[in-house]
């Protein structure tokens with residue numbers, strides 16, 4: 021049974037129904053040599069405790085102290101100012117139903133001129149831990165809502181990209197006009213019917229218009245000749 025216990029965590033070990041009451045009594049008896057050796061082996065194997073040689077060392081106490089140190093470290097890392105709750109910690113008193121801030125002095129709450137805030141000597145409201153947990157839940161909910169909003173934006177952006185890709189493919193077909201131009205010119209000159217030649221001429225004009233879209237060097241519609249240009253051919257100098 022002791023070998024099985026070495027593979028259990030402390031919480032399970034303390035409430036393990038398979039262990040007999042007698043075995044539990046031995047484990048928790050500070051004068052038990054078996055209990056001392058068991059907790060020593062468990063602490064070294066699972067608790068990260070150094071293997072001390074002294075027989076007077078209480079390894080279970082060291083485990084409990086190590087657990088407490090971890091809890092203090094976690095509390096400080098997750099909420100450094102755990103002894104001081106900022107303004108958002110105000111909650112509703114379950115006795116009077118008004119806003120209260122029982123864990124710190126606040127002048128607005130103390131000098132309540134309009135009877136807005138709780139003035140109960142003893143309040144019944146959320147604990148500090150519940151307030152902090154509620155804050156983290158609200159922060160997580162806000163982040164999840166933001167993620168959902170961003171996912172929706174990404175989907176919309178993907179849709180816009182697909183539309184732009186399709187438009188880009190369509191606009192690139194204009195480059196085919198240059199290859200079609202000689203064929204239309206031939207039909208314009210040698211078409212069998214007049215109506216076909218007329219349609220080819222019209223199509224040729226449209227080809228020329230779209231062909232101009234690919235021209236890099238073209239006349240500037242906003243060009244304004246310098247003053248004096250064209251009179252005598254040169255500017256007066």
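In the numbering used here, the protein residues as written are 21 to 257.
Don't be surprised by glycine CBs; every beta carbon is placed ideally from N, CA and C.
Item	Value
Exposure of residue 227, with buried meaning 16 or more beta-carbon neighbours within 10 Å	buried
Of the listed residues 121, 154, 134, nearest to residue 142 (C-alpha basis)	121
Residue 127 versus residue 144: straight-line alpha-carbon distance, rounded	21 Å
For residue 64, the first and last residue of its enclosing alpha helix (DSSP H)	53-66
Cβ pair residue 69, residue 57 closer than 8 Å	no
Three-state class that DSSP yields for residue 230 in the structure shown	helix
Inter-residue spacing [alpha-carbon to alpha-carbon] between residue 160 and residue 98	14 Å
Neighbour-count burial assignment, residue 138, 16 or more Cβ in a 10 Å radius	buried
Length of the line joining the Cα atoms of residue 214 and residue 208	9 Å
One or two residues paired with residue 119 in a DSSP bridge	112, 137
Supposed contact pair residue 67 and residue 86 - C-beta distance, whole angstroms, cut 8 Å	6 Å
Span separating the alpha-carbon of residue 73 from that of residue 52	17 Å
C-alpha distance - residue 46 paired with residue 89, whole-angstrom precision	26 Å
C-beta atoms of residue 111 and residue 146 nearer than 8 Å	yes
For residue 96 and residue 124, the rounded distance between their alpha carbons	19 Å
C-alpha distance - residue 117 paired with residue 156, whole-angstrom precision	24 Å
Span of the alpha helix (DSSP H) around residue 150	148-192
Alpha-carbon to alpha-carbon, residue 158 and residue 136	25 Å
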